[in-house]
Amino acid sequence: MAQSPTDSTPDSSPAETFTASRWTQGNFLFPTKLVISPQRVSRVKSRFFGSNEESIAMSKVASVHISTGVFWSEIVIESTGGTDPITSHGHRKKDAQRIRDLIETYQAQSRA
């Protein structure tokens with residue numbers, strides 16, 4: 024789908040959510056979700072009562088490291104602010120690459 028020029032601003036893009044596989048450790052009942060938006064990268068881990076969310080502002084993302092196995096990938100998103108990186112495992116390789124591409128695209132748009 025082609026984007027119109029007005030859709031190219033960072034704030035107009037919707038957030039994309041990537042859910043880890045239930046077949047990986049720690050994701051059986053409540054799989055981890057990575058939400059990538061033009062403003063931030065968030066890791067949401069649901070629990071029986073509530074959820075745990077950590078996020079890094081898109082302007083503070085320093086690097087994205089993808090470690091692939093036979094079936095699943097682990098993603099480590101590091102920040103420039105010295106805080107703990109966001110780590111999520113159990114994502115498909117294709118999703119891990121899409122997450123990296125989205126982050127790079129949103130960072131390039133914010134610099135322009």
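Take 24 as the starting number for the sequence shown in the working numbering and just add one per residue.
The C-beta atom is built at its ideal place from N, Cα and C for all residues, glycine as well.
Owing to the predicted nature of the structure, the values given are computational and were not obtained by experimental measurement.
Residue nearest to Trp46 within the set Gln120, Ile122, Lys116, Phe94 is Phe94 (criterion: CA-CA distance). Look at the beta carbons and you see the region 100 to 116 touching the region 64 to 73: at least three pairs across the two are nearer than 8 Å.
Residue Ile100 holds the alpha-carbon nearest to the alpha-carbon of Ser86 among Ile100, Gly92, Ile79. Non-local C-beta neighbours of Asp118 in its own chain, meaning closer than 7 Å and more than five positions away in sequence, comprise Phe41, ordered along the chain. Annotated three-state conformation of Arg70 is coil, per DSSP.
In terms of Cβ geometry, Ser96 and Lys116 form a close pair [threshold 7 Å]. Residue pairing by DSSP puts Val64 in a beta bridge opposite Ile59, Ile79. In this structure, the beta-carbon distance from Ala38 to Val58 falls below 7 Å.
Residue environment: Leu125 is assigned as buried (16 or more neighbouring CB atoms within 10 Å of its CB, all protein chains considered). In the structure shown, Ala38 falls within a coil segment according to DSSP collapsed to helix, strand and coil.
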